Each structure stands twice: as structure tokens, then as C-alpha cells.
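Visitor: Below you will find the structure I want to go over with you.
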Amino acid sequence: MKQLVILLLGVLLTACGNQNTTMDMSGMQMSGNMEAMPTHAHSDDAIAHFSVAMDRYMPGEEATITILIQDKWNKPIDRFDVMHEKLMHLIVVSKDLSYFDHLHPEHVGQGQFTVKTKFPASGYYQLIADFTPQGSGETVQTHWVTIKGKEPKQAVLQPDASLTKEVGGKEVTLAFDHLMAGMGLDMIFTIKDARTKQPITDLQPYLGSLGHVVAISADAKEYVHVHPNEQQGSGPTAPFTIIFPKSGVYKIWGQFQRQNEVFIVPFTIKVP
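Numbering (the working numbering), first residue to last: 1 to 272.
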């Protein structure tokens, strides 16, 4: 089994609050040899430097991802606060946002986290680690990796004509009170039985809350992670408050749980 090692160095980035975590990734650069090139994620307060030592992977090959978290003096950070039942959330998305996964690396000590996964196809993938060092704020760190082979044709992200989707026998509708960048918006998921159209009222808590939402801009420069306004509840509605930092096209993934199974509902919208 090959191993992917990600070294997260420098001063930690503090995210913008508990309910709405955003990150501007405009400092990211990409090339045909992405795993060998240091990239930078920045905020107004600090810069985080990433470096990767890895063998190239084939699609579908099991890989172990190891993430080492250090402070600005290159000392491991080993104490973290639990955030939604986990010490770390790791989001994996393909460059064109057609692939999404939400993983939870295990803390093995000395600032290291590890998790196994498989990348489904060749091309570029972004890894987004979300964690909270003890005594600090929620932190987001990112890195791009390359999976070898011929990169598939990139899907062009287009806003959905309809904000109602059917997933696993459930009909999910997404609605906003209005759409505008840079301000708080009410975002509501309504979940029904796709066949009977009856409201679904037996949603289960997922990672300690009614649901989770991740939104990423089409150019992969903006990342938003929000949790519901009401931690308790069982449907049929799941209300969130979200801030899109900039205008543009975003892909949104809503994550919910029912009958002990997590289901993910994707939507693509354009924020004016």
C-alpha cells in the first residue's frame, strides 16, 4: 500500500466562526506536477505552507493519507477540540467538483492523523482538512494531489435548472430567502418521500446535528462549511444560514442521515 503524506506547516489559519467556515483559496496554483509543488493557502493573519512526498496513485488503489499538523516552530500540535463528534473532518473533491467525499481521519498522536481512501479516477483532487487545535479557532488547511493516468474530460459546472433532486427514494428541495454574496442567507432543505410525496420526519442526527452542508465555488477558491440553525430535529425541513463570500457558481452538498444511512444531495447554484 502506498502512502500519501501531507505536511501542514506554519501558523494555523483561524476560520470565520463556528456556523460558517469560509476560506479564500485564491493563492492556490496548479501544474502538471502538483504533488511536488508547494502551494499556499492564506488568510489575513497567516500563511500555511504545504509540502507532499508521495508516489503517484492509480485510480481505485487504496491509499493511506497521513496529515501532520505543526505550529510555527515546527512542533507537533497534539491537542484538538472535538467538532461535531470528530477531531478532524477531511473533504475530498475532484477539480471539476463531480466527486465529493467526507472522511474522518483518526488521530494517532504526535500531531498526526491518518485515513484510508480510494480516488475514483485520474486527475486533480483537493483535500480540505477542517479541525480545531485546543485553545485556537476552527482551522481549515488544503492541498491538491494528482492521481496518475489520463485525466477525464472535465465537466463544466452549470447551475441546476431545478432545485429539486431525487436521491435514494427521497425528494429533496433546496430554497433560499434570497441569493446575494457577502451576506447571511436563509437556506432550507425540505425532504419528502419521492413516491408518496409525504414529508419525511424521521431524519437522524448526523455527526451530532440535523445535517451538514459544504459549498465550494466552481474555481475551487472558496470553501464554506455550515451546520444547521437547529441542532435537534427530524425533518422534513433542515434550515441553515450561509454566507457565500463572493459571487459566482457554487456546488452545494447537503448531508443527512435516515435509517442509519447517510445520503448526500448535490445542488449547483449561481450566486449574484
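By construction, the Cβ of each residue, glycine as well, lies at the ideal position given by its N, Cα and C atoms.
Remember, it's a predicted structure, so these values are computed and weren't measured experimentally.
Hey, could you find the ends of the beta strand (DSSP E) residue 70 is sitting in?
Guide: Here residue 70 refers to the residue found at position 70 when the sequence shown is read from its first residue. Here residue 70 belongs to no beta strand (DSSP E), and DSSP marks it neither H nor E.
Visitor: Restricting to runs no shorter than 4 residues, where is the alpha helix (DSSP H) found entirely within the segment 69-148?
Guide: The segment 69-148 contains no whole alpha helix (DSSP H) run of 4 or more residues.
Visitor: In terms of DSSP beta bridges, what is residue 187 paired with?
Guide: For the purposes of this step, residue 187 is taken as residue 187 along the sequence shown, with counting starting at 1. Residue 187 is bridged to 176 and 240.
Visitor: Determine, using beta carbons only, whether residue 250 and residue 220 come nearer to each other than 7 angstroms.
Guide: Translated into the one-based positions of the sequence shown, residue 250 becomes position 250. Translated into the one-based positions of the sequence shown, residue 220 becomes position 220. No. Outside cutoff.
Visitor: Determine the direct distance from the alpha carbon of residue 125 to that of residue 94, and round the result to whole angstroms.
Guide: Along the sequence shown, read from residue 1 onward, the residue named residue 94 stands at position 94. Along the sequence shown, read from residue 1 onward, the residue named residue 125 stands at position 125. Answer to the nearest angstrom: the Cα atoms are 4 angstroms apart.
Visitor: Run the CB neighbour count on residue 145, radius 10 Å, all protein chains shown included, and call it buried at 16 or more, exposed below.
Guide: Start at 1 with the first residue of the sequence shown, and residue 145 comes out as number 145. It counts as buried.
Visitor: Checking the sheet assignment: what are the DSSP bridge partners for residue 255?
Guide: Position 255 of the sequence shown, counted from the first residue, corresponds to residue 255. Paired residues: 212 and 264.
Visitor: Closest to residue 104 by CA distance: which of 130, 119 and 98 is it?
Guide: Residue 104 sits at position 104 when you count from the first residue of the sequence shown. Of 130, 119 and 98, the residue nearest in Cα terms is 130.
Visitor: Residue 169: which of 175, 269, 191 and 66 sits nearest, CA to CA?
Guide: The count along the sequence shown starts at 1 and reaches residue 169 at position 169. Considering only alpha carbons, the answer is 191.
Visitor: If you run the structure through DSSP and keep just helix, strand and coil, what is residue 230?
Guide: Locating residue 230 in the sequence shown gives position 230, counting from the first residue. Coil, per DSSP.
Visitor: For residue 180, count the other beta carbons within 10 Å of its own beta carbon; 16 or more makes it buried, fewer makes it exposed. Which is it?
Guide: Taking the sequence shown and counting its residues from 1, the one referred to as residue 180 is at position 180. Counting Cβ neighbours within 10 Å, residue 180 comes out exposed, since fewer than 16 surround it.
Visitor: For residue 199, which three-state DSSP category applies?
Guide: Locating residue 199 in the sequence shown gives position 199, counting from the first residue. Reduced to three states, the DSSP call for residue 199 is strand.
Visitor: Answer with yes or no whether the minimum CB distance from residue 214 to chain C is below 7 angstroms.
Guide: Here chain C cannot be found, since the structure has a single protein chain.
Visitor: Taking Cβ to Cβ, would you say residue 171 is nearer than 7 angstroms to residue 194?
Guide: Numbered from its first residue, the sequence shown carries residue 171 at position 171. Numbered from its first residue, the sequence shown carries residue 194 at position 194. For residue 171 and residue 194, yes; Cβs fall inside 7 angstroms.
Visitor: Output needed for residue 186: all residues of its chain with C-beta closer than 6 angstroms, excluding positions within five of it in sequence on either side, in chain order.
Guide: Taking the first residue of the sequence shown as position 1, residue 186 is located at position 186. Around residue 186: 177.
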